[in-house]
Amino acid sequence: MISTFVRVLLITSAACLVIGTVPPLALVAALLWGVTLLLGGYWLEGKQTIFIFGLNMLLLFGLAGNSFLFFPLIFGVPSLIMALQLGNQKGYYEVQRWGMLSAVFIVGLFLGVAYYTGQENYLETSPQMIEVQVDANLKMLEETGLLRIYEQQGLSAEELSSQFTSIYEWSLRHLPAWYLIQSLLVVFVVIRIAAHYGRRKGLPLLERKPFTEESMPWPVAWVVIIGLALMLSGWEAANQWFYIGSNLVVASAPVAIYFGVATMVHFWRRMSVRARRWWTFILILNIMFFTLPAIIFIGLLGLFDSLLDYRGLEPKKEGPK
């Protein structure tokens, strides 16, 4: 009979082998690695989990070198931290909290090292890079015949080029936010898969509240408020404070939207059948024709619910252990 330690070591090592040698399957393998590490914290001692993680990182370093380490780090380190918390009998939300804090730390460390080692070009807009991407997009539109359709609708190639340029500039200036969103999403998915596995196997671990009873942690609301304040302070000059604030807001937006949906579903379930139909119809119309305002409204709903507690969830803020 293979021991649990050996089983976890073999699964995580196989996942790391795929990450380092089969790029198309790297994402799936990384999720398997993270989930296995997290669940390993339930069965193994902390020292054993750390030892397995160390061997995994040595394997990844040997396969791909340090140039590829950021990707596995945002999967591995938060999963390790969550595994150690799970081993200490912490509940779902405390395990998730520590995983997300470690993910934010890893991204912040990566961005800081990139800046102070002279690789800040990863964080800044490159006009040449944007021009190449815009030209490639216009060429693709021309080859597929879509450019002609846009021109018939009154959009010239120059106008499309300007729009593409604005989109790329905005995206590149918000790379820190995209890194943060990616790392937080990793934690969210890994712990959800682990909790689902534990529930199916009847294991007493990672029990979470119903979706409609989940509420956004109040510090996230203050991150958004600080981000908005920084944006306002640098609005006219569009300086570094403006983009620091906008990155904070963009990174927090998916979190606010998630909890905004939870708030909406909570109130929707308390409505009569007829009211549900009307509100569903109105919501679908708003999403179809006023997509951005509808998304902003849902995000604000989640944001203010964490501060004002619309649903009266304050006594239930701590998740089950």
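Under numbering that gives the first Met the number 0, read the sequence shown as residues 0 to 320, first letter to last. The beta carbon of each residue, even a glycine, is placed where N, CA and C say it ideally should be.
Between the Cα of residue i and those of the options, spot the shortest distance and give me the residue it belongs to.
i, options, result
"leucine 62", "Val17, Phe104, Met81 and Leu43", "Val17"
"asparagine 65", "Glu93, Arg191 and Gly19", "Gly19"
"serine 12", "Tyr115, Phe50 and Pro23", "Phe50"
"valine 27", "Leu79, Ile192, Tyr114 and Leu159", "Ile192"
"alanine 250", "Gly201, Gly107 and Arg268", "Gly107"
"lysine 46", "Cys15, Leu59 and Phe4", "Phe4"
"phenylalanine 104", "Val76, Ala135 and Lys208", "Val76"
"glutamate 168", "Val272, Val131 and Trp97", "Val131"
"proline 216", "Gln88, Gln95 and Thr164", "Gln95"
"phenylalanine 266", "Val248, Ile294 and Gly301", "Gly301"
"glycine 33", "Leu184, Trp234, Ile243 and Gly244", "Leu184"
"serine 101", "Phe60, Ser182 and Ser271", "Ser182"
Quick check on the burial criterion: 16 or more other C-beta atoms within 10 angstroms. Buried or exposed for residue i?
i, result
"glutamate 44", "exposed"
"valine 264", "exposed"
"serine 155", "exposed"
"glutamate 213", "buried"
"proline 71", "buried"
"threonine 35", "buried"
"threonine 279", "exposed"
"phenylalanine 210", "exposed"
"isoleucine 73", "buried"
Assign residue i to one of three DSSP states: helix, strand, or coil.
i, result
"phenylalanine 289", "coil"
"methionine 263", "helix"
"methionine 215", "coil"
"alanine 13", "helix"
"phenylalanine 22", "Looking at the sequence provided, one finds proline at residue 22 rather than phenylalanine. Reduced to three states, the DSSP call for proline 22 is helix."
"alanine 236", "coil"
"isoleucine 1", "coil"
"methionine 128", "helix"
"aspartate 304", "helix"
"leucine 202", "coil"
"valine 7", "helix"
"leucine 159", "helix"
"glycine 144", "coil"
May I have the straight-line CA-CA distance separating residue i from residue j, to the nearest angstrom?
i, j, result
"histidine 173", "leucine 179", "10 Å"
"alanine 82", "leucine 31", "14 Å"
"arginine 198", "arginine 6", "20 Å"
"asparagine 246", "proline 175", "7 Å"
"tryptophan 240", "valine 186", "28 Å"
"glutamine 84", "leucine 299", "31 Å"
"valine 133", "leucine 171", "13 Å"
"leucine 306", "valine 222", "12 Å"
"phenylalanine 289", "valine 260", "17 Å"
"isoleucine 297", "isoleucine 256", "6 Å"
"leucine 231", "isoleucine 80", "36 Å"
"leucine 291", "asparagine 285", "9 Å"
"alanine 194", "leucine 137", "45 Å"
"valine 219", "tryptophan 277", "32 Å"
"asparagine 55", "proline 23", "19 Å"
Hey, could you find the ends of the alpha helix (DSSP H) residue i is sitting in?
i, result
"glycine 98", "91-115"
"tyrosine 178", "174-199"
"serine 78", "69-86"
"glutamine 152", "No alpha helix (DSSP H) holds glutamine 152; DSSP gives it neither H nor E."
"lysine 208", "Neither: lysine 208 is in no alpha helix (DSSP H) and is coded neither H nor E."
"glycine 45", "45-63"
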